[in-house]
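Asks:
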Amino acid sequence: MTRGYEKLDVRGDDHLDSDSNRDEDDSDLGLLRGKWKASKRRSGWLRSILVGLAGVVILASLCAVAYTSIGVHNIQHSLHIKATGTELGDCGSSHTVEEARAKGCVFDPMSWLWVRPECYDAELIDDFMQRTDWSWHTDWHLTPESQVPMDIVFRGDHPQLFTAKKYHAIHCTYMWQKMHKALIEHRPVDSDLTNWHHTHHCEEVLLDDYLHEDSNCTADMICPTLVRATWTSCGYF
Numbered sequence: 001m002t003r004g005y006e007k008l009d010v011r012g013d014d015h016l017d018s019d020s021n022r023d024e025d026d027s028d029l030g031l032l033r034g035k036w037k038a039s040k041r042r043s044g045w046l047r048s049i050l051v052g053l054a055g056v057v058i059l060a061s062l063c064a065v066a067y068t069s070i071g072v073h074n075i076q077h078s079l080h081i082k083a084t085g086t087e088l089g090d091c092g093s094s095h096t097v098e099e100a101r102a103k104g105c106v107f108d109p110m111s112w113l114w115v116r117p118e119c120y121d122a123e124l125i126d127d128f129m130q131r132t133d134w135s136w137h138t139d140w141h142l143t144p145e146s147q148v149p150m151d152i153v154f155r156g157d158h159p160q161l162f163t164a165k166k167y168h169a170i171h172c173t174y175m176w177q178k179m180h181k182a183l184i185e186h187r188p189v190d191s192d193l194t195n196w197h198h199t200h201h202c203e204e205v206l207l208d209d210y211l212h213e214d215s216n217c218t219a220d221m222i223c224p225t226l227v228r229a230t231w232t233s234c235g236y237f
């Protein structure tokens, strides 16, 4: 009787090592896949968070812009409603040199006004005073002996004087420049500058040279004009 033998596995220990290595590789691959999936999930969450934050920042910026615009509009509207033209004071109601000085006002020879310092444009006055030779007189005929010294003119001691007719035309262009500067530089203006009667008066003065040439001149071609001081208030319009 023949003795039976079991078939031996000829692969030996090498086979066992290979199976063990394969199991380890499969385990490592599983770990890598798990880490990759976890990393992908974290990346997705991170991307969502960043997108959300960006949206919040953009929304907050838009709200800030809208809030600022509304605030500026309300401020401008409030200033427009409350503007009185007298915010910075006036030069008195008695129409005297003494009261004007007591209230801290200064004399503007190019507009022949008493004005608050805030409505006094020294640079513009100097510009126009340099444009021609000026003289003011107590006499209508502008005689040399009636000429008033310039320092007294600048002090405003004389509420009423006579000067050459050209003063009126130059005075009107000065006033319009002063108004334009106040508009673009957001400056306060004196009450005479916003007086419609004065604007109409300047229109007549400038047109008079064309419509009624030399109508105010004397026989010897002296063309005087009378200037009268005005006491003004100062503010925004």
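Residue numbers (the UniProt record's numbering): 1 to 237. Backbone N, C-alpha and C fix where the C-beta goes; we use that ideal spot for every residue, glycine too.
#1: Measuring CA to CA, which of 133, 58 and 185 is closest to residue 164?
#2: Counting along the chain, where does the beta strand (DSSP E) carrying residue 142 start and finish?
#3: Below 7 Å CB to CB, which residues in the same chain sit around residue 110 once its five sequence neighbours on both sides are set aside?
#4: Kindly confirm or deny that the stretch 136-149 and the stretch 183-191 touch, where touching means at least three C-beta pairs closer than 8 Å.
#5: Could you check whether residue 229 and residue 149 sit closer than 7 Å to each other, using their CB atoms as the reference points?
#6: What number of angstroms, rounded off, separates the C-alpha of residue 95 from the C-alpha of residue 123?
#7: Residue 117 by DSSP, collapsed to three states: which one?
#8: Throw me the rounded Cβ distance for the residue 115 and residue 232 pair, which I believe falls under 8 Å.
#9: Are the beta-carbon atoms of residue 105 and residue 91 separated by less than 7 Å?
#10: Which first and last residues belong to the beta strand (DSSP E) in which residue 160 is found?
#11: Below 8 Å on the Cβ atoms is my guess for residue 242 versus residue 136; work out the distance and round it to an integer in Å.
#12: Please indicate yes or no: does the CB of residue 83 lie closer than 6 Å to some heavy atom of the ligand COA?
#13: Return the Cβ separation of residue 227 and residue 112 in integer angstroms, given the expectation that the two are a contact with Cβ distance under 8 Å.
#14: Which ranges would you report for the alpha helix (DSSP H) in the stretch 176-201 if only whole runs of at least 4 residues count?
#15: Suppose you measure from the CA of residue 108 to the CA of residue 183; what does that come to, to the nearest Å?
#16: Residue 228 by DSSP, collapsed to three states: which one?
#17: Can you give me the start and stop residues for the beta strand (DSSP E) that residue 107 sits inside?
#18: For the alpha helix (DSSP H) that contains residue 126, what are its first and last residues?
Replies: Once the coordinates are examined:
#1: The option with the nearest alpha carbon to residue 164 is 133.
#2: Residue 142 -> no beta strand (DSSP E), and no H or E assigned at all.
#3: 125, 128, 129, 171 and 174
#4: In the pairwise beta carbon analysis, the stretch 136-149 is classified as not touching the stretch 183-191: fewer than three pairs are separated by under 8 Å.
#5: no
#6: Rounded to whole angstroms, residue 95 to residue 123 spans 26 Å at the Cα level.
#7: helix
#8: 5 Å
#9: yes
#10: 160-164
#11: Coverage of the chain is limited to positions 1 through 237, which leaves residue 242 absent and any answer about it impossible.
#12: By its list of ligands, the structure shown contains no ligand whatsoever, and the ligand COA lies outside what it can speak to.
#13: The pair is a contact, with the Cβ atoms about 5 Å apart (cut-off 8 Å).
#14: none
#15: 19 Å
#16: strand
#17: 106-108
#18: 122-129
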